[in-house]
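Quick note on numbering: my numbering labels position 59 of the sequence shown as 65, and the sequence is numbered without any gaps.
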Amino acid sequence: MNDRGAPAMHALPDGEAELTLVVRLPWEDVARLGQEAGRLASQMQRPVTLDEAVSHRLRSPRTAAHAKPAGEQPPTVTAAASVSSLPSRPPAEQARQAIDRINGTA
């Protein structure tokens with residue numbers, strides 16, 4: 007891990023901890039987080055940052071659906087629903103399309 011000068015974790019007065027992370031994500035995932043931020047902003051009636059959307063997503067019970075007891079297999083994903091089955095596009099095109107989706111202009 008790279009030391010960027012700031013502590014990676016510190017305690018908050020409300021009893022929670024705040025972590026500082028750098029995450030590399032495909033543009034499709036960034037677009038999904040933007041959509042999540044939009045849904046959350048609509049529910050909360052205020053602007054929501056991607057940080058808040060990630061925090062909300064991590065706290066929601068449905069994200070733990072992959073944590074099954076030993077021996078259980080997760081359901082298989084069809085090729086139509088898999089992002090990896092999409093044809094590859096140049097990074098600039100992926101970025102443009104992700105930004106369009108976030109802005110709602112796609």
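The beta-carbon is built from N, C-alpha and C at its ideal position, and this holds for glycine as well.
Bear in mind that the values here come from a model prediction, so they are computed numbers and not experimental data.
In three-state terms, what does DSSP make of residue i?
i, result
"L25", "strand"
"A98", "helix"
"A14", "coil"
"Q51", "coil"
"L56", "helix"
"R65", "helix"
"L31", "coil"
What number of angstroms, rounded off, separates the C-alpha of residue i from the C-alpha of residue j?
i, j, result
"D20", "S66", "19 Å"
"R30", "A104", "15 Å"
"R107", "V28", "23 Å"
"G110", "P96", "21 Å"
"H62", "R52", "15 Å"
"M50", "S94", "36 Å"
I think residue i touches residue j, with their Cβ atoms under 8 Å apart; what is that distance to the nearest whole Å?
i, j, result
"A14", "T26", "5 Å"
"E42", "A59", "4 Å"
"L64", "V54", "Contact flag wrong, Cβ pair sits at about 14 Å."
"L56", "G44", "11 Å between Cβ atoms; not a contact."
Counting Cβ pairs closer than 8 Å, one from the segment 31-38 and one from the segment 93-102, do we hit at least three? Short answer: they touch.
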